[in-house]
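Visitor: Sequence order for the protein chains is A, B and C. When the count follows the working numbering, it moves up by one through the first sequence with no breaks and lands on 206 for the last residue. When the count follows the working numbering, it moves up by one through the second sequence with no breaks and lands on 503 for the last residue. When the count follows the working numbering, it moves up by one through the third sequence with no breaks and lands on 481 for the last residue.
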Amino acid sequence: MRETIQSWLFFRLLFKPTVVFEELSNTRPSPYSVFFRFILWLAVLPPVFSYIGTSRYGWNIGGAEPLFMTPGNLLVISIVYFFALLFGLVSTALIAQWMAGTYGARHSLGIHLALVTIIAAPLAVGSAVHLYPHVFINVLVLIPTLMWSMYLLYRGLPVVLKISPERGMLMASSLIGWLLVAAVSLLGLSVGLWGSGIGPSVGV
Amino acid sequence: MMSSKEIPEDEYYHDSVVRFLVMCSLVWAVLGMAAGVYVAAELVWPDLGFNQPWLSYGRVRTLHTNGIIFGFGVSALMATAFYSVQRTCHVPLRLPRLAWFTAVAWQLGVLAGGISLLAGINAGKEYAELEWPFDIAITLLWIYFGIVFFATIANRRIKPIYVSNWFYGALIIVIAMLHVVNSLAMPATLFKSYSLYAGSQDAIVQWWYGHNAVGFLLTGGFLGMMYYFLPKHADRPIWSYRLSIVAFWAFTYSYIWAGPHHLHYSSIPDWVQNLAMVMSLILLAPSWATMVNGIMTVSGAWQKLRTDPALKFIVLSLAFYGLATFEGPMMAIKSVNVVSHFTDWTIGHVHSGALGWNALITFGTFYFLVPRLVGAELYSVRLANIHFWMALAGTMLYILAMWGAGVSQGLLWLSLDQIGELTFSFKDIMASMPPYYLLRLVAGLIFLSGAVLMTFNLMMTVKGRATVRIRPPAVSTSAVQS
Amino acid sequence: MNGLQLHKKLEENSALLIFGILFVSSIGGLVQILPSLFQESLSTPTANTRVYSPAELIGRDIYIREACSVCHSQQIRPLLAEVERYGPYSRAGEFVYDRPFLWGSKRTGPDLHRVGGKYSDIWHRVHLLNPRDVVPNSIMPAYPWLADRAANAGDDIQARMRALQRLGHPYDDAAIEAAPAALANMLEVDALIAYLQVLGTAYVPDDSDEHGAEH
Numbered sequence: 003m004r005e006t007i008q009s010w011l012f013f014r015l016l017f018k019p020t021v022v023f024e025e026l027s028n029t030r031p032s033p034y035s036v037f038f039r040f041i042l043w044l045a046v047l048p049p050v051f052s053y054i055g056t057s058r059y060g061w062n063i064g065g066a067e068p069l070f071m072t073p074g075n076l077l078v079i080s081i082v083y084f085f086a087l088l089f090g091l092v093s094t095a096l097i098a099q100w101m102a103g104t105y106g107a108r109h110s111l112g113i114h115l116a117l118v119t120i121i122a123a124p125l126a127v128g129s130a131v132h133l134y135p136h137v138f139i140n141v142l143v144l145i146p147t148l149m150w151s152m153y154l155l156y157r158g159l160p161v162v163l164k165i166s167p168e169r170g171m172l173m174a175s176s177l178i179g180w181l182l183v184a185a186v187s188l189l190g191l192s193v194g195l196w197g198s199g200i201g202p203s204v205g206v
Numbered sequence: 022m023m024s025s026k027e028i029p030e031d032e033y034y035h036d037s038v039v040r041f042l043v044m045c046s047l048v049w050a051v052l053g054m055a056a057g058v059y060v061a062a063e064l065v066w067p068d069l070g071f072n073q074p075w076l077s078y079g080r081v082r083t084l085h086t087n088g089i090i091f092g093f094g095v096s097a098l099m100a101t102a103f104y105s106v107q108r109t110c111h112v113p114l115r116l117p118r119l120a121w122f123t124a125v126a127w128q129l130g131v132l133a134g135g136i137s138l139l140a141g142i143n144a145g146k147e148y149a150e151l152e153w154p155f156d157i158a159i160t161l162l163w164i165y166f167g168i169v170f171f172a173t174i175a176n177r178r179i180k181p182i183y184v185s186n187w188f189y190g191a192l193i194i195v196i197a198m199l200h201v202v203n204s205l206a207m208p209a210t211l212f213k214s215y216s217l218y219a220g221s222q223d224a225i226v227q228w229w230y231g232h233n234a235v236g237f238l239l240t241g242g243f244l245g246m247m248y249y250f251l252p253k254h255a256d257r258p259i260w261s262y263r264l265s266i267v268a269f270w271a272f273t274y275s276y277i278w279a280g281p282h283h284l285h286y287s288s289i290p291d292w293v294q295n296l297a298m299v300m301s302l303i304l305l306a307p308s309w310a311t312m313v314n315g316i317m318t319v320s321g322a323w324q325k326l327r328t329d330p331a332l333k334f335i336v337l338s339l340a341f342y343g344l345a346t347f348e349g350p351m352m353a354i355k356s357v358n359v360v361s362h363f364t365d366w367t368i369g370h371v372h373s374g375a376l377g378w379n380a381l382i383t384f385g386t387f388y389f390l391v392p393r394l395v396g397a398e399l400y401s402v403r404l405a406n407i408h409f410w411m412a413l414a415g416t417m418l419y420i421l422a423m424w425g426a427g428v429s430q431g432l433l434w435l436s437l438d439q440i441g442e443l444t445f446s447f448k449d450i451m452a453s454m455p456p457y458y459l460l461r462l463v464a465g466l467i468f469l470s471g472a473v474l475m476t477f478n479l480m481m482t483v484k485g486r487a488t489v490r491i492r493p494p495a496v497s498t499s500a501v502q503s
Numbered sequence: 267m268n269g270l271q272l273h274k275k276l277e278e279n280s281a282l283l284i285f286g287i288l289f290v291s292s293i294g295g296l297v298q299i300l301p302s303l304f305q306e307s308l309s310t311p312t313a314n315t316r317v318y319s320p321a322e323l324i325g326r327d328i329y330i331r332e333a334c335s336v337c338h339s340q341q342i343r344p345l346l347a348e349v350e351r352y353g354p355y356s357r358a359g360e361f362v363y364d365r366p367f368l369w370g371s372k373r374t375g376p377d378l379h380r381v382g383g384k385y386s387d388i389w390h391r392v393h394l395l396n397p398r399d400v401v402p403n404s405i406m407p408a409y410p411w412l413a414d415r416a417a418n419a420g421d422d423i424q425a426r427m428r429a430l431q432r433l434g435h436p437y438d439d440a441a442i443e444a445a446p447a448a449l450a451n452m453l454e455v456d457a458l459i460a461y462l463q464v465l466g467t468a469y470v471p472d473d474s475d476e477h478g479a480e481h
């Protein structure tokens, strides 16, 4: 069993995912190495892109003109975005680890963090679209990106966690339940923050 | 006390009425979803009404909601209630002729009701648009449904009443209460009546009804479906009996209070709003307890997935059930509701439940049930698998499109500039929504196509085959008659 | 007897189960609905709120027939941006003659609670018959048939008013007698416009709440 994840694996995810899955099934990385080498970057990219895009172009969400925020507010929102993503990534790994018992999957936290890295990788790369924060364009780009992520989840999970395809199907579907909840929580959290004055100005 | 009771030679479960109801449910599913796709298209191309009153958005949308709830939903619930109550009680359906009458009359009612809605006969309250003659018919038929169901239970050969029957029972009892109270009206003509309640009082009564129609019809009834069919499907018992007890009563108690979360910041008393918000949050617990019960039950049945495509539908439906029952309480929080109310986010939430939970669990149940009704294999496992991915894609695309549209609308409507003035006009904001509506239309088309595939698959499965006759199993001496 | 044993009793007796469900599920409704049915402020009209005239009543019933509530709300929330956009927020006393209430739950089009007096009758006429003639990007359906039918085509205005009278609306018999004549020569579109023009006009903010905001 390999102890660390080869860096080039990340880049092969796009064209040769099955190779990546096989490699990972034979790797037992330490959670810290996965966290610092991959997870942190996945969480950092979207907020950085959106900070740059928003300060330059504002939020183009459908009115005639874009919405701008004060630099202070923008910074706070970007930082909250980073922590929210970090929380999402780590909690998903922990929940997957918790589910592993039910589905007879591998238990190491490191491999679950690696699995989360696989799922989140397309989205982190796709978040480059935040450089131009037009909501509909973001939605249009992120939908196929999301489809790719979900494909990687369903295909990769059973291989990486060394369980049968059927168990993998069930576990992946359960994980999707959690991911949907996390996504909608992000929506709710954002909206709640706006109402408290953090973010664009709303007259409530 | 009593020796083993022999089952009479000619005693069989009454399943032909189940088959009839399942077929009707499929037809309404396709018609109701087609109506939905039509109105989704009208939101992109408003001239699709072709200046015809009966094709205009308002009327067809009402047809869509009613067709899905009363046509697709209730038929599926009646079918599965009749199927499962017999088997959990080990007796054939009592009063089978009444069951048939109710089933057929209900379909005629849905048809006539749908036509009346297109004709503009509308009482003006959501999910209670059918006018008073229909309200009376619904009440009568619902009472008959209850009589058949509870008479079968009263006549059971197994003493304890299984948990799925508690949920179906709650469906019948609570919907009866809600429908009767909310429909009270003073008729003016044969097709026009005025609500007994007015203004704010009407609002509170309406959303007590409206939210609990969702709670006990769309949630409770389908949980009954899950509690029976999932263990059968997975060939394993429900994971935790204790959890199901606590969850059932907590669910039945708390759901009722949540109605006024549809009325946040409106002219009803603040205490009613706040109470609804708190109870909506509390409701999360029994909802998720049930979901966990379901997921843990199915997780042990993974080998079945190799040969059984339908189990995938059930698992995914539980995931969406988790989403919808989390999103609901979250949107019931006033500070979230401030942005979400009146927007497409609410529509997204409705459909994450209606498509993700209700439709998917019904599809999974039908794929399991229909082959068994005729003693044959499913016509095409491959089509069922294709349907699964289409259903997932359609649901996710719908939700994402509506989240995008809804949050944008909500934020833009409230947006103020630095001097405290409105930043955008309403019409400018809404002018940017059609791309989302187009995405949603595509989502609906995908979902509808999947449903059409399933209807074809199931019809080919039953074609030319009679409903099999199954005898109730003999009951051993240890199970005392009730 | 512990909880589980108690529950076993419930599970083995269908009558107890039915009663238990009915009891548990009625509590919420009783607590939330009953007090509101007896609360004066929810059923007392504000100063200028009056019953709908025959034309307005027909207009309202047309609004219901065409399911306008499905896209238009009639409930302005006490939020800064909302009050700026639509006017003083909605008070309970303005809706006491609304059967059923038409607050709606979706805004595909703007809130209409205070649309009364904001646009001319002609504007409404053109807009209703084809919205895109006045708002090019509008996705509202066209309602040309409203100009083809008489307001009292169903000849049932008296039956409607009597039904409302029975429910407590202060219509006097003379007004009911005169109603058909009041609707003569009126088309459905005129009745609907009459209804739209009265919406929200009853509430007049007094000096203490100039901006429609509660102090």
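Even glycine gets a Cβ: it sits at the ideal position worked out from N, Cα and C.
#1: M152 (chain A) and V113 (chain A) - do their beta-carbons sit closer together than 9 Å?
#2: What residue range does the beta strand (DSSP E) around S216 (chain B) cover?
#3: Determine the chain A residues that contact P252 (chain B) at a beta-carbon separation under 7 Å, and present them in chain order.
#4: Nearest to L129 (chain B) by CA position, among B:W75, B:C45, B:K325, is which residue?
#5: Name the chain A residues whose beta carbon is nearer than 8 Å to that of A347 (chain C)?
#6: If you draw a straight line from the C-alpha of A440 (chain C) to the C-alpha of V400 (chain C), how long is it?
#7: Give me the Cα-Cα distance between A322 (chain B) and M101 (chain A), rounded to the nearest whole angstrom.
#8: Counting only beta-carbon atoms, is I299 (chain C) nearer than 9 Å to chain B?
#9: Please state if the CB of T173 (chain B) and the CB of S204 (chain B) are separated by a distance shorter than 9 Å.
#10: Quick one: is E490 (chain C) near chain A, going by C-beta distance under 9 Å?
#11: Could you list the residues in the region 316-331 of chain B with a C-beta less than 9 Å from some C-beta on chain A, going in chain order?
#12: If you draw a straight line from the alpha carbon of M3 (chain A) to that of S129 (chain A), how long is it in whole angstroms?
#13: Run through DSSP, which three-state label would P208 (chain B) get?
#14: Kindly give me the distance between the Cβ atoms of Y248 (chain B) and V184 (chain B), rounded to whole angstroms, as I take these residues to be in contact under 8 Å.
#15: Taking Cβ positions only, does F138 (chain A) come closer than 9 Å to chain B?
#16: Could you tell me whether the region 78-96 of chain B touches the region 174-187 of chain A, where touching means 3 or more Cβ pairs closer than 8 Å?
#17: What distance in whole Å lies between the Cβ atoms of I354 (chain B) and M298 (chain B), which are believed to be in contact at a cut-off of 8 Å?
#18: Closer than 7 Å by C-beta to Q294 (chain B): which residues in its own chain qualify, once you throw out the five before and the five after it? Chain order, please.
#19: If we count the other Cβ atoms within 10 Å of its Cβ and call it buried at 16 or more, is V22 (chain A) buried or exposed?
#20: Under 8 Å between beta-carbons, which chain B residues line up against R316 (chain C)? List them in chain order, please.
#21: Could you confirm whether any beta carbon from chain B is found closer than 9 Å to the beta carbon of D387 (chain C)?
#22: Under 7 Å Cβ to Cβ from P208 (chain B), same chain only, skipping five residues before and after it: list those, please.
#23: Assuming Y437 (chain C) and M452 (chain C) make a contact with CB atoms under 8 Å, what is their CB distance in whole Å?
#24: Cutting at 8 Å between CB atoms, please list the residues of its own chain near R14 (chain A), excluding the five before and the five after it.
#25: Comparing alpha-carbon positions, which option in B:F171, B:Q227, B:F103 lies nearest I299 (chain C)?
#26: Cutting at 8 Å between CB atoms, please list the residues of its own chain near G465 (chain B), excluding the five before and the five after it.
#27: Under 9 Å, Cβ to Cβ, is there at least one residue of chain B near M171 (chain A)?
#28: Just list the residues that DSSP pairs L453 (chain C) with in beta bridges.
#29: List, from N- to C-terminal side, the alpha helix (DSSP H) runs of 4 residues or more that fit wholly inside the region 262-348 of chain B.
#30: According to DSSP, is L64 (chain B) part of a helix, a strand, or is it coil?
#31: Under 9 Å, Cβ to Cβ, is there at least one residue of chain B near G370 (chain C)?
#32: Check distances from the C-beta atoms of the region 67-81 of chain B to those of chain C and list, in chain order, the residues that come in under 7 Å.
#33: Which residue or residues does DSSP assign as beta-bridge partners of H136 (chain A)?
#34: Please return the same chain residues whose Cβ sits closer than 8 Å to the Cβ of V398 (chain B), not counting the five positions on each side in sequence.
#35: What residues of chain A sit near E350 (chain C), judged by a beta carbon separation below 9 Å?
#36: For a test of the three-state rule: what should DSSP assign to G478 (chain C), helix, strand or coil?
Guide: In terms of the structure at hand:
#1: According to the sequence as given, residue 113 (chain A) is Ile; it is not Val. Not a contact, by the Cβ cut-off of 9 Å.
#2: 213-216
#3: What P252 (chain B) touches in chain A: nothing, since even the nearest Cβ is about 15 Å away.
#4: B:C45
#5: V204, G205, V206
#6: 40 Å
#7: 15 Å
#8: yes
#9: no
#10: What the structure shows of chain C is the stretch from 267 to 481, and residue 490 (chain C) is not part of that stretch, so it cannot be assessed.
#11: I316, M317, V319, S320, G321, A322, W323, Q324, K325, L326, R327
#12: 33 Å
#13: strand
#14: 5 Å
#15: yes
#16: no
#17: 6 Å
#18: P281, L284, H285
#19: buried
#20: Simply none; closest approach about 14 Å.
#21: no
#22: W153, S214
#23: Incorrect: roughly 18 Å between the Cβ atoms, too far for contact.
#24: V21, V22
#25: B:Q227
#26: M54, G57, V58, A61, G415, Y419
#27: yes
#28: C:A416
#29: 262-276, 291-320
#30: coil
#31: yes
#32: P67, G70, N72, P74, S77, Y78, G79, R80
#33: A:N62
#34: Residue identity differs from the one stated: residue 398 (chain B) is Glu in this sequence, not Val. The answer, listed in chain order, is P392, T482.
#35: G205
#36: Because the pLDDT at G478 (chain C) is just 43, under 50, the model does not fix this residue reliably, and the value given afterwards should be weighed accordingly. Note: G478 (chain C) maps to coil in three-state DSSP.
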